[in-house]
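Going down the list, the protein sequences come from chains A and B. Those letters in the first sequence? Residues 1 to 242, per UniProt numbering, in order. Those letters in the second sequence? Residues 1 to 242, per UniProt numbering, in order.
There are 2 protein chains.
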Amino acid sequence: MARNYIVSTAESKCATCSLREICLPVGLDKDETELLGDLINHKYRIRRGEHLFHTGLAFKSLYAVRNGFFKSCVLDSDGRQQVTGFYMTGELLGLDAISSEKHTCDTVALEDSEVCEVPFIKLEEISRRIPLLMHHFHKIMSREIVQDHTIMMLMGGRKAEERLAAFLLNLSERFAKRGYSSTNFILRMTREEIGSYLGLKLETVSRSLSRLQEEGIITINNKNVRLNDIYRLSHKISGYSD
Amino acid sequence: MARNYIVSTAESKCATCSLREICLPVGLDKDETELLGDLINHKYRIRRGEHLFHTGLAFKSLYAVRNGFFKSCVLDSDGRQQVTGFYMTGELLGLDAISSEKHTCDTVALEDSEVCEVPFIKLEEISRRIPLLMHHFHKIMSREIVQDHTIMMLMGGRKAEERLAAFLLNLSERFAKRGYSSTNFILRMTREEIGSYLGLKLETVSRSLSRLQEEGIITINNKNVRLNDIYRLSHKISGYSD
DNA sequence: CGCTATTTTGACCCAAATCAACTTACGTGG
DNA sequence: CCACGTAAGTTGATTTGGGTCAAAATAGCG
Numbered sequence: 001m002a003r004n005y006i007v008s009t010a011e012s013k014c015a016t017c018s019l020r021e022i023c024l025p026v027g028l029d030k031d032e033t034e035l036l037g038d039l040i041n042h043k044y045r046i047r048r049g050e051h052l053f054h055t056g057l058a059f060k061s062l063y064a065v066r067n068g069f070f071k072s073c074v075l076d077s078d079g080r081q082q083v084t085g086f087y088m089t090g091e092l093l094g095l096d097a098i099s100s101e102k103h104t105c106d107t108v109a110l111e112d113s114e115v116c117e118v119p120f121i122k123l124e125e126i127s128r129r130i131p132l133l134m135h136h137f138h139k140i141m142s143r144e145i146v147q148d149h150t151i152m153m154l155m156g157g158r159k160a161e162e163r164l165a166a167f168l169l170n171l172s173e174r175f176a177k178r179g180y181s182s183t184n185f186i187l188r189m190t191r192e193e194i195g196s197y198l199g200l201k202l203e204t205v206s207r208s209l210s211r212l213q214e215e216g217i218i219t220i221n222n223k224n225v226r227l228n229d230i231y232r233l234s235h236k237i238s239g240y241s242d
Numbered sequence: 001m002a003r004n005y006i007v008s009t010a011e012s013k014c015a016t017c018s019l020r021e022i023c024l025p026v027g028l029d030k031d032e033t034e035l036l037g038d039l040i041n042h043k044y045r046i047r048r049g050e051h052l053f054h055t056g057l058a059f060k061s062l063y064a065v066r067n068g069f070f071k072s073c074v075l076d077s078d079g080r081q082q083v084t085g086f087y088m089t090g091e092l093l094g095l096d097a098i099s100s101e102k103h104t105c106d107t108v109a110l111e112d113s114e115v116c117e118v119p120f121i122k123l124e125e126i127s128r129r130i131p132l133l134m135h136h137f138h139k140i141m142s143r144e145i146v147q148d149h150t151i152m153m154l155m156g157g158r159k160a161e162e163r164l165a166a167f168l169l170n171l172s173e174r175f176a177k178r179g180y181s182s183t184n185f186i187l188r189m190t191r192e193e194i195g196s197y198l199g200l201k202l203e204t205v206s207r208s209l210s211r212l213q214e215e216g217i218i219t220i221n222n223k224n225v226r227l228n229d230i231y232r233l234s235h236k237i238s239g240y241s242d
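#1: Per the contact definition of three or more C-beta pairs closer than 8 Å, is the region 194-204 of chain A in contact with the region 23-41 of chain B?
#2: I'd like to know whether the C-beta atoms of R174(B) and L198(B) end up nearer to each other than 8 Å.
#3: Using a Cβ-Cβ cut-off of less than 9 Å, give me the residues of the region 132-143 of chain A that come near chain B, in sequence order.
#4: Buried or exposed for D96(A), please, with buried defined as at least 16 other CB atoms from any protein chain shown within 10 angstroms of its CB.
#5: Given a cut-off of 8 Å on the beta-carbon distance, is the pair I230(B) and S77(A) in contact?
#6: Select from the UniProt domain "Cyclic nucleotide-binding" (24-98) of chain B all residues with a C-beta closer than 8 Å to any C-beta belonging to chain A, and list them in chain order.
#7: Would you mind reading off the limits of the alpha helix (DSSP H) that contains Y44(A)?
#8: Measuring CB to CB, does M141(B) end up less than 8 Å from S127(A)?
#9: Quick one: what does DSSP say P25(A) is sitting in, helix, strand or coil?
#10: Taking the alpha helix (DSSP H) that D106(A) falls in, what are its first and last residues?
#11: Rounded to whole angstroms, how far is the Cβ of R226(A) from the Cβ of N184(A), which I believe are closer than 8 Å?
#12: Taking the alpha-carbon positions, what's the K13(B) to F167(B) distance?
#13: Within 10 Å of its beta-carbon, does residue 248(B) have 16 or more other beta-carbons around it, so buried, or fewer, so exposed?
#14: Should S113(A) go down as buried or exposed, given a rule of 16 or more other Cβ atoms within 10 Å for buried?
#15: Is the beta carbon of V115(A) closer than 8 Å to that of R66(A)?
#16: Output the distance between the C-alpha atoms of P131(A) and H103(A), rounded to the nearest integer angstrom.
#17: Taking a cut of 8 Å between CB atoms, which residues from the region 148-176 of chain B lie near chain A?
#18: Nearest to H54(A) by alpha carbon, out of S181(A), L75(A), R211(A) and N222(A)?
#19: How would you label A176(A), buried or exposed, when you count the other beta carbons within 10 angstroms and need 16 or more for buried?
#20: For A64(B) and Y87(B), I'd like the C-alpha separation in whole angstroms.
#21: So, is the C-beta of S241(B) closer than 8 Å to a C-beta in chain A?
#22: Determine the chain A residues that contact S238(B) at a beta-carbon separation under 8 Å, and present them in chain order.
#23: Under three-state DSSP, which class holds N222(A)?
#24: Hey, is T107(A)'s beta-carbon within less than 8 Å of any beta-carbon in chain B?
#25: Quick check on the burial criterion: 16 or more other C-beta atoms within 10 angstroms. Buried or exposed for D31(B)?
#26: Check the Cβ-Cβ distances between E124(B) and every residue of chain A, and say whether any is below 8 Å.
#27: Give a yes or no on whether 8 Å exceeds the smallest Cβ distance from G216(B) to chain A.
#28: Is G85(B) helix, strand or coil by DSSP?
#29: So is D242(B) buried or exposed if we call it buried at 16+ other beta carbons inside 10 Å?
#30: Just reading off the alpha helix (DSSP H) that L154(B) is part of, what are its end residues?
#31: Below 6 Å CB to CB, which residues in the same chain sit around F69(A) once its five sequence neighbours on both sides are set aside?
#32: Against R128(A), what residues of chain B qualify as contacts under a CB-to-CB distance less than 9 Å, listed in chain order?
#33: Would you tell me roughly how many angstroms separate the C-alpha atoms of E50(A) and V83(B), rounded to the nearest one?
#34: Which residues of chain B have a Cβ atom closer than 9 Å to the Cβ of S196(A), listed in chain order?
#35: Contact check, L93(A) vs L62(A) under 8 Å by CB: the rounded distance?
#36: Tell me, please, which residues DSSP counts as bridged to residue 249(A).
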């Protein structure tokens with residue numbers, strides 16, 4: 001929040017946004033979308049490496065990713081950093097802050113990005129008038145919970161290679177939903193950040209990716225990934241050894 | 001849901017419930033609490049070991065724990081079970097199901113328990129008329145997200161003994177908030193369930209608890225725990241070795 | 001173009017998993 | 001109420017996946 005400058009104040013209406021089918025306005029009619037758009041008075045441009053918000057900051061707003069890519073991470077008491085999520089276009093940042101009215105994680109852009117600020121009090125207000133919006137918002141929060149459970153499952157019982165497989169497939173699906181290639185994409189985050197998210201060390205991430213490549217399942221060249229065999233990749237997760 | 005019988009249909013008003021300060025009605029006035037209470041037309045008694053709901057079941061309602069203790073767990077593709085949460089008095093079950101309109105986990109009573117059924121559509125309806133209820137509901141969902149992040153952090157970077165310490169302290173706080181002893185309580189779940197939740201095997205849980213006992217930090221006798229030295233227990237987590 | 005951050009790969013080590021044996025608690029039915 | 005059978009917990013021995021340490025290769029930035 002601190003050092004990000006405003007891109008535009010008005011004229012950034014949801015009604016004309018290409019994301020209205022995957023972002024907050026899902027399912028809303030023209031008037032409702034208009035109403036929602038009126039909330040969004042600020043958009044911010046966050047450059048790669050910059051913070052959108054820091055842990056401890058008073059919670060006022062959620063942020064919808066307009067484009068770009070973010071990570072959220074918590075710092076624990078002895079300074080170690082753990083990534084709690086990656087967020088792409090159309091996803092909502094800051095949901096964890098509602099409960100305590102303070103942000104509980106640092107959120108950082110992994111590429112040059114833009115977000116729409118959604119003042120939370122106002123969002124709640126208009127939710128009262130737009131039941132569908134309220135409902136969709138609840139679904140979004142619920143989806144975050146489900147996503148976290150998925151990660152908990154990975155960390156609980158899966159081997160490194162299986163975690164990576166699940167991670168790549170998850171990214172793949174999310175890219176697909178946004179109209180990007182599901183088999184060919186760029187990893188915006190470092191090996192260390194992937195590892196932190198999955199409960200692994202960066203060396204293990206690197207080795208596991210190399211192994212998947214040796215098996216011909218993926219092709220990886222630094223940040224560029226190609227999923228060559230989604231079927232075998234999924235089977236990695238299901239525990240079938242072949 | 002299947003085999004639980006109804007305890008009462010009316011007359012189970014939030015207004016007279018001893019949990020109204022930790023459950024959904026937090027902060028509501030008399031009339032609002034009355035309105036909320038009108039939603040709760042069914043309470044169920046779930047006996048130890050019985051399911052409240054199964055994965056895949058169509059989502060209709062949330063359930064507030066009136067008394068007792070529950071676990072939720074997801075089954076992964078090859079049949080392994082992973083505990084995603086433990087729930088006690090006043091907490092809400094089923095939040096993960098909102099997003100897909102199907103329950104994504106099995107929820108099982110770990111002791112004889114009672115729940116209040118909260119029809120979700122109706123909850124959303126009256127939320128429109130009771131902004132504070134809506135807001136509080138959002139806080140509850142957000143709290144679940146934060147709790148999951150905490151577990152992710154434990155699984156990501158912590159050693160077995162540290163995870164156990166954090167787990168015990170978390171239970172301790174939650175018991176305290178409900179007016180029970182924060183230093184002396186019964187573990188409703190098995191070592192295996194604790195392990196599953198924390199990403200450890202049951203033997204490791206057992207060994208870690210034994211070690212904490214040897215150090216004099218806790219006293220543990222089967223399911224009975226006493227926290228003898230909360231200070232040292234917290235320091236386990238912070239990474240200070242002494 | 002040079003400097004730094006990131007990634008890869010290798011060698012070695014350790015915490016927790018696994019395998020196993022035994023003990024203790026608990027619920028059930030006689 | 002007790003005895004039995006099963007489930008849960010403890011503890012030991014051994015194995016191993018991933019962590020740690022180290023060094024070299026590569027990419028990306030200013």
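A virtual CB, placed ideally from N, CA and C, is assigned to each residue, including glycine. Source: prediction; values computed, not measured.
The relevant details are as follows:
#1: Fewer than three pairs of CB atoms, one per stretch, sit closer than 8 Å, so the region 23-41 of chain B makes no contact with the region 194-204 of chain A.
#2: no
#3: M134, H135, F137, H138, K139, I140, M141, S142 and R143
#4: buried
#5: no
#6: V74, D76, S77, D78, R80, Q82, T84, L95, D96, A97 and I98
#7: Not the alpha helix (DSSP H): Y44(A) falls in the beta strand (DSSP E), residues K43 to I46.
#8: Cβ atoms of M141(B) and S127(A): not closer than 8 Å.
#9: coil
#10: Per DSSP, D106(A) belongs to no alpha helix (DSSP H); it is in the beta strand (DSSP E), D106 to A109.
#11: 5 Å
#12: 33 Å
#13: No information on residue 248(B) is available, as it lies outside the stretch 1 to 242 that chain B covers here.
#14: Around the C-beta of S113(A), 16 or more other C-beta atoms lie within 10 Å, and the residue is accordingly described as buried.
#15: yes
#16: 27 Å
#17: D148, H149, I151, M152, M153, M155, G156 and G157
#18: Nearest C-alpha to H54(A) among S181(A), L75(A), R211(A) and N222(A): L75(A).
#19: exposed
#20: 10 Å
#21: Residue confidence for S241(B) is low, a pLDDT of 46 falling below 50, so the modelled location carries little weight and cannot support an answer.
#22: S77 and D78
#23: The DSSP-derived three-state label of N222(A) is coil.
#24: no
#25: exposed
#26: yes
#27: no
#28: strand
#29: For D242(B), the pLDDT reaches just 44, beneath the cut-off of 50, and the residue's location in the model is therefore unreliable, although a value from the coordinates is still provided. When all chains shown are included, D242(B) counts as exposed.
#30: Counting along the chain, the alpha helix (DSSP H) containing L154(B) begins and ends at P131 to G157.
#31: M88, L110, E111 and R188
#32: S127, R128, R129, P131 and M134
#33: 36 Å
#34: G156 and G157
#35: 7 Å
#36: Chain A is shown from 1 up to 242; residue 249(A) falls before or after that span and cannot be answered.
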